[in-house]
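Asks: What follows is a structure written as structure tokens; I'll ask about it next.
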Amino acid sequence: MSTTATMGEMANSAVEFYPKRGGGGGGAEANHAGDFGVTLDELRSLMELRGAEALQKIQDSYGDVEGLCQRLKSSTSDGLSDNPTDLEKRGQAFGQNFIPPKKPKTFLQLVWEALQDVTLIILEIAAIISLGLSFYQPPGHESEGCGNVSGGAEDEGEAEAGWIEGAAILLSVICVVLVTAFNDWSKEKQFRGLQSRIELEQRFAVVRNGNVIQIPVAEMVVGDMAQVKYGDLLPADGVLIQGNDLKIDESSLTGESDHVRKSADKDPMLLSGTHVMEGSGRMLVTAVGVNSQSGIIFTLLGAGEGEEEKKEKKAKKQDGAVAMEMQPLKSAEGGEVEEREKKKANVPKKEKSVLQGKLTKLAVQIGKAGLVMSAITVIILVLYFVIETFVVEGRSWLPECTPIYVQYFVKFFIIGVTVLVVAVPEGLPLAVTISLAYSVKKMMKDNNLVRHLDACETMGNATAICSDKTGTLTTNRMTVVQAYVNDQHFREIPEPSQINHNTLEMIVNSISINCAYTSKIMPPDVEGGLPKQVGNKTECGLLGFLLDLKRDYVPVREQIPEEKLYKVYTFNSVRKSMSTVVQMPDGSFRLYSKGASEILLKKCSSILGASGEARSFKPRDRDEMVKKVIEPMACEGLRTICIGYRDLSGDPEPDWDNEAEIVTDLTCIAVVGIEDPVRPEVPEAIRKCQRAGITVRMVTGDNINTARAIAAKCGIIQPGDDFLCLEGKDFNRRIRNEKGEIEQERIDKIWPKLRVLARSSPTDKHTLVKGIIDSTVVEQRQVVAVTGDGTNDGPALKKADVGFAMGIAGTDVAKEASDIILTDDNFSSIVKAVMWGRNVYDSISKFLQFQLTVNVVAVIVAFTGACITQDSPLKAVQMLWVNLIMDTFASLALATEPPTEALLLRKPYGRNNPLISLTMMKNILGHGVYQLVIIFTLLFVGEKIFNIDSGRNAPLHSPPSEHYTIIFNTFVLMQLFNEINARKIHGERNVFDGIFANPIFCSIVLGTFGVQIVIVQFGGKPFSCAPLNVEQWLWCLFVGVGELLWGQVIATVPTSHLKCLKEAGHGPGTDEMTEDELAEDEEEIDHAERELRRGQILWFRGLNRIQTQMEVVSTFKRSGSFQGAVRRRSSVLSQLHDVTNISTPTHVVLSTANASAAPGNAGGESVP
């Protein structure tokens, strides 16, 4: 209790951050409050109370909930009027229902971040030195003493043009930075768009003008009458007006994992951010947005953020350490031990996806190689120059020559840096981001709303999909097609005259009353369409059955409105039934019950016979009925529902809490078979999955016969296959040992053949998913996707590699736990997701194949060229241009290839498959050889072939030569044509296949070509280019096109013969990296140092703990509310900020810092 009682002070401290919400300060505030009989502050203090205190307060201040309702000018039955001015006035008086987001990074901040790149900094320094020296004219300028250094073609002030190279390098650096920053900016923007899209997706049912309508959560205002039901995530605070068996999971606010019972007469307070675990009800909204409980916590966080960030800079080093000890808190809270295993001690770093792991590793390897090459280049150049000048020619170092020599050294240094720049594939992360962002945008159109970017590429590796049946594989339009009434089995819906009159009345009453009143059948949207089913689909099927019997449920419900229902046992996954008690006019009670037939028939002791009179129903009769009625129905894929009733005496009143005693001894009225037809596109989608090497398993709560029938219709099981269909009980018996513990090896015996798991509980689903993921029977680690819609599917969705939640039928809790939301609830959308995922993977591979060819060739050319001719044939600025087009633009071009059906014809790659397959390695080396041969030919005998002056051994500031221009031009054109080759990575012949389906690719290739022409013809001194004539251009083009022909030659060489090639870019050796590696951020540390580090970490941890405790204490000085607040903060954050984590990691760090204080100080002991 104290947790929440002290929230009051906490809330008041939050008022300071949002002083006056409302027009023009205090006066206006008072005015608005005057319109309503209650002020914002009163409501806020009311929401801090719980249970009896809250009821007391409502009685003292408002009489009762009705009184509060009247003061807010609302009605418990009709809700608010839909009057826009009234709604706006409420918005001004009590705030709107959204929490202002954190400010995005500005473009300038992003530019500054892009400038932090090490290679760019080195280049900038080199360019500035080069600039400075070019302006310095040595006094003895023409002195012969400095050797052939400054002699040569110094015509018309060529020396004055020395500054151009430095300036050009700076310019190109600026270019690269702007492009990078722009990409980051658009990425951030997309995230925000995505997020607002996710927020818009969430709608909530409210009563306005007596009608129930769905409105976006942001439009809810204080005074709204909201309908809460099983699975909702409450969007605002409120007071319960009427509830049926309502249980709420408040762990996101209080950290208590037990479900809290809510009722209008004991504890009516409902808080935003909490989950409805069972039951239903109506609540009066009393606080929204920043004034609601989760809003207040966010406000506090927002205020603490400024100081946090300063600390964060200091605490960067200790961060890893905090993370390690922070972890248990989370698990204690929601029992999310699996979470912990999955995210092994790395709160600050989101676990890298498979692809990012492989890429990071590859980029590091390439970077190291590049560094070595560039260092060797510089050393060789310097040594050669020194030996040539001072030893061979025997000159001495004259002071007046120093600047000239230094200029040479700077030039060598710049060449070295250029080699490095070209070697480092900084386009890689860019390609990943572009490819993922593009896919996510396009997946929206395919009904996949991606919440976590990396889910997209993980999906491409999926090897197993565990799918729900209802609504995913089937249409979720339930219709009753068979019935067993009065000892007769009707194969189609009977005429009302065929059923005994009394029995018919019982059926009508039982179904009308014992279905949630939110389930209704509405007239169709379009003439001649099917009637609309609103609410629970099974119940809608039953209500539709009444309409088919030419009866209506509305009059019955009007006669017994929801308030008159005496007691409701709502449906949940444990009961698998629902019961409602009504009081009869004579004071006795009648209980109506409906539920899964095999469960409910066990509780029936009599049945309505042919005459409409009850006769006894013994276990023997039951077995016969199961055989004759239920199994035949189930084998046709029907879901069987039993409807029953029981009369109870009113004196003495039964003990309603003893459910087992109440719901028993029933009389069976009827058993109906409900059909949920398979979606027409599902069998094809499942066939595609199986062809793509993905096993589809069905996990359902339905009866095993129904499940098996549907699985056969979908093609999940084929006759003649070797497969298992198990029930949950059976599954559990097989996987547990004598002590009842789950054993992995037992699961391993079952899962490879298991195709259908029926009558399964959410825990079974979770066990199965975990079992498949942890399994080591197959050589590839399985990547599992799971679909779920119910609240109880949360754990399985979280555990799976990719969790799909249903957008329409899914509860908010399921959506919260998922990675991708299927906006149309359709299984075939999952196949689209697989296609996009594989496409991402392939796009990156294409880019890699292209990028590495450029890198290998450019590095070797610059290196050997420098060693043999003392000057790189490709100049710094040219290299930067190559780098820019080949990295940035090529990543755009290759990463936006649309997916094709062909992607579904191969098996998944698996987690530890190398990024660069043998075929790709063959392509990279093959094209590299071709390009090197051409370039070296041009370099050493080019002047003879084209009959032009040689460009080798030119003095320092000589004008650009045609010779080197031809080399540069040929190099770029070869890359351009190779970009087309790179479109295929599996050794296909036709590289032009579907090229026009990708306008981005075409425009980039043509654009690059256009710019290249401009650079060569008009680039002049800055780009070290001399204009070429038509003949020379044609030759360059000819050699470029040769790339395409050469590609065909390479494709002919069978990969299997090239045993010597190695694949590269394997995933991290073990499945995850070890904890130590994660904790010691990025550095690789050897053992001795690691031991040393350990001591430091402990020391840091201690420091950090004290530091964070001090902070937390100071934040809550005013409020005194210690216990719940900290815990509450971290968990709410972790839930609500799941999506933003990716774009703004500060949140994560923040919750880390605060939470680490909680275990040490949850009790609020004094802090030193």
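Numbering follows our numbering, in which position 497 of the sequence shown is assigned residue number 566; successive positions increment by one, without gaps. From the three backbone atoms N, C-alpha and C, an ideal C-beta is built for every residue, glycine too.
(1) Helix, strand or coil for Glu574? Go by DSSP, reduced to three states.
(2) When the Cα atoms are used, what is the spatial distance from Leu303 to Leu137?
(3) Can you tell me whether Gln947 is buried or exposed, with buried defined as 16 or more other CB within 10 angstroms of its CB?
(4) Shortest alpha-carbon distance to Lys483 belongs to which of Lys822, Gly997, Glu730, Ser941?
(5) Taking a contact to mean a Cβ-Cβ separation below 8 Å, would you say Ile1073 touches Ala962 in this structure?
(6) For Gly706, is the classification buried or exposed, using 16 other Cβ atoms within 10 angstroms of its Cβ as the cut-off for buried?
(7) Ala250 by DSSP, collapsed to three states: which one?
(8) Which whole-angstrom value describes the C-beta separation of Ile786 and Val825, a residue pair presumed to lie in contact below a C-beta threshold of 8 Å?
(9) Is the separation between the beta-carbon of Thr880 and that of Asp301 shorter than 8 Å?
(10) Could you check whether Asn774 and Glu700 sit closer than 8 Å to each other, using their CB atoms as the reference points?
(11) Quick one: grab the DSSP three-state call for Arg520.
(12) Could one say the Cβ of Lys671 lies closer than 8 Å to chain D's Cβ atoms, at least one of them?
(13) Just mark Lys663 as buried or exposed, buried being the case when its beta carbon has 16 or more other beta carbons within 10 Å.
(14) Drop a sphere of 10 angstroms on the beta-carbon of Asn278, count the other beta-carbons inside from all chains shown, and report buried for 16 or more, exposed for fewer.
(15) Which residues in the same chain have their Cβ closer than 7 Å to the Cβ of Glu796, if we skip the five residues on either side of it in sequence?
(16) Can you check whether the CB of Ala531 is closer than 8 Å to the CB of Pro977?
(17) My parser needs the alpha helix (DSSP H) runs of 4 or more residues fully inside the region 295-348; what are they?
(18) When you compare each of Glu812, Ile238, Leu424 to Asn981 by their alpha carbons, which one comes out closest?
(19) Hey, Gly906 and Gly610 are a contact pair by Cβ (cut 8 Å); roughly how many whole angstroms apart?
(20) Starting from Met553, follow the beta strand (DSSP E) in both directions and report where the run begins and ends.
(21) Could you name the residues of the same chain whose beta carbon sits closer than 7 Å to that of Phe686, not counting the 5 residues immediately before and after it, in chain order?
(22) How far does the alpha helix (DSSP H) with Pro701 in it extend, from its first residue to its last?
(23) Could you tell me the distance, in whole angstroms, from the CA atom of Gln813 to the CA atom of Asp556?
(24) Work out the CA separation of Ile456 and Trp466 for me, nearest whole Å.
(25) Starting from Thr709, trace the beta strand (DSSP E) both ways and give me its first and last residue.
(26) I need the boundaries of the beta strand (DSSP E) containing Gln851, first residue and last residue.
(27) Between Leu618 and Pro565, which are expected to be in contact by the criterion C-beta below 8 Å, what is the C-beta distance as a whole number of angstroms?
(28) Does DSSP classify Arg907 as helix, strand or coil?
(29) From this set, Gly597, Ile842, Leu309, Gln434, which residue's C-alpha is nearest Val134's C-alpha?
(30) What three-state label does DSSP hand Ser674 in the structure shown?
(31) Taking Val951 as the reference, which of Val245, Asp862, Gly1089 has the closest Cα?
(32) Extract the residue ranges of the beta strand (DSSP E) inside the region 611-663, only unbroken runs of 3 or more that lie entirely within it.
(33) Tell me which residue opens and which closes the alpha helix (DSSP H) that Leu184 is part of.
(34) For the 8 Å Cβ check, are there 3 or more pairs between the region 999-1015 and the region 928-938?
(35) Spell out a yes or no on whether the region 1097-1106 and the region 964-972 are touching, meaning 3 or more CB-CB pairs, one atom from each, closer than 8 Å.
(36) Which value, in whole angstroms, describes the spacing of the CA atoms of Ser265 and His570?
Replies: Straight from the coordinates:
(1) Against the sequence shown, residue 574 aligns to sequence position 505. Correct three-state label for Glu574: helix.
(2) Taking the first residue of the sequence shown as 1, we reach residue 303 at position 234. Taking the first residue of the sequence shown as 1, we reach residue 137 at position 68. Those two C-alpha atoms are separated by around 20 Å.
(3) Within the sequence shown, residue 947 is the residue found at index 878, counting from 1. The residue in question, Gln947, is buried, as its Cβ has 16 or more Cβ neighbours within 10 Å.
(4) The residue you call residue 483 lines up with position 414 of the sequence shown. According to the sequence displayed, residue 483 carries Ile and not Lys. Among Lys822, Gly997, Glu730, Ser941, the Cα nearest to that of Ile483 is on Ser941.
(5) For the purposes of this step, residue 1073 is identified with residue 1004 of the sequence shown, where counting begins at 1. For the purposes of this step, residue 962 is identified with residue 893 of the sequence shown, where counting begins at 1. Yes, the pair counts as a contact, with Cβ atoms nearer than the cut-off.
(6) By 1-based counting over the sequence shown, the position of residue 706 is 637. Under the 10 Å beta carbon count, Gly706 is surrounded by 16 or more other beta carbons and is classified as buried.
(7) Here residue 250 refers to the residue found at position 181 when the sequence shown is read from its first residue. Per DSSP, reduced to three states, the secondary structure at Ala250 is helical.
(8) For this step, residue 786 is matched to residue 717 along the sequence shown. For this step, residue 825 is matched to residue 756 along the sequence shown. Sure, about 7 Å apart at Cβ, within 8 Å.
(9) The residue labelled residue 880 in the question sits at position 811 within the sequence shown. The residue labelled residue 301 in the question sits at position 232 within the sequence shown. Their beta carbons are under 8 Å apart, which means Thr880 touches Asp301 by this criterion.
(10) For the purposes of this step, residue 700 is identified with residue 631 of the sequence shown, where counting begins at 1. For the purposes of this step, residue 774 is identified with residue 705 of the sequence shown, where counting begins at 1. In this structure, Asn774 lies closer than 8 Å to Glu700 by Cβ.
(11) Translated into positions along the sequence shown, residue 520 becomes position 451. DSSP places Arg520 in coil when its eight states are reduced to three.
(12) This model lacks chain D altogether, as it is built from one protein chain only.
(13) In the sequence shown, residue 663 corresponds to position 594, counting from 1. Buried.
(14) For the purposes of this step, residue 278 is taken as residue 209 along the sequence shown, with counting starting at 1. Result: exposed.
(15) Counted from its first residue, the sequence shown places residue 796 at position 727. Once the five neighbours on either side are set aside, the close Cβ partners of Glu796 are Ile773, Ala827, Arg828.
(16) Along the sequence shown, read from residue 1 onward, the residue named residue 977 stands at position 908. Along the sequence shown, read from residue 1 onward, the residue named residue 531 stands at position 462. Going by beta carbons, Pro977 and Ala531 fall inside the 8 Å limit.
(17) 320-323
(18) Start at 1 with the first residue of the sequence shown, and residue 981 comes out as number 912. Residue Leu424 is the option with its Cα nearest to Asn981.
(19) The residue labelled residue 906 in the question sits at position 837 within the sequence shown. The residue labelled residue 610 in the question sits at position 541 within the sequence shown. Not quite, the Cβ-Cβ distance comes to about 35 Å (not below 8 Å), so this is no contact.
(20) In the sequence shown, the residue the question calls residue 553 occupies position 484. Before going on, a small fix: residue 553 reads as Tyr here, not Met. Here the beta strand (DSSP E) through Tyr553 covers 548-554.
(21) The residue labelled residue 686 in the question sits at position 617 within the sequence shown. Close CB contacts of Phe686 within its chain, under the 7 Å cut and outside five residues either way in sequence, are with Cys673, Ser674, Ser675, Ile676, Cys737 (chain order).
(22) Along the sequence shown, read from residue 1 onward, the residue named residue 701 stands at position 632. Pro701 -> alpha helix (DSSP H) spans 700-704.
(23) Position 744 of the sequence shown, counted from the first residue, corresponds to residue 813. Position 487 of the sequence shown, counted from the first residue, corresponds to residue 556. Gln813 and Asp556: Cα-Cα distance of roughly 48 Å.
(24) As a first step, residue 466 is located in the sequence shown; it is residue number 397 there, counting from the start. As a first step, residue 456 is located in the sequence shown; it is residue number 387 there, counting from the start. Straight-line Cα distance between these residues: approximately 12 Å.
(25) The count along the sequence shown starts at 1 and reaches residue 709 at position 640. Start and end: 707-717.
(26) Counted from its first residue, the sequence shown places residue 851 at position 782. Segment: none, Gln851 is in no beta strand (DSSP E) and carries neither H nor E.
(27) Translated into positions along the sequence shown, residue 618 becomes position 549. Translated into positions along the sequence shown, residue 565 becomes position 496. Taking a contact as a CB-CB distance under 8 Å, the pair Leu618 and Pro565 counts as one, their CB atoms being some 5 Å apart.
(28) Position 838 of the sequence shown, counted from the first residue, corresponds to residue 907. Arg907: helix per DSSP, three-state reduction.
(29) Mapped onto the sequence shown, residue 134 falls at position 65. Comparing Cα-Cα distances from Val134 to each of Gly597, Ile842, Leu309, Gln434, the minimum goes to Leu309.
(30) On the sequence shown, position 605 is the one that residue 674 refers to. Looking at Ser674 - three-state DSSP - the assignment turns out to be strand.
(31) Residue mapping note: residue 951 aligns to position 882 of the sequence shown, counting from 1. Looking at the Cα atoms, Val245 is the closest of the given residues.
(32) 636-638, 646-652
(33) By 1-based counting over the sequence shown, the position of residue 184 is 115. Taken as a continuous stretch (DSSP letters only), the alpha helix (DSSP H) holding Leu184 covers 176-184.
(34) Yes, the region 999-1015 touches the region 928-938.
(35) no
(36) Sequence index remark: in the sequence shown, residue 265 carries index 196 (1-based). Sequence index remark: in the sequence shown, residue 570 carries index 501 (1-based). Those two C-alpha atoms are separated by around 55 Å.
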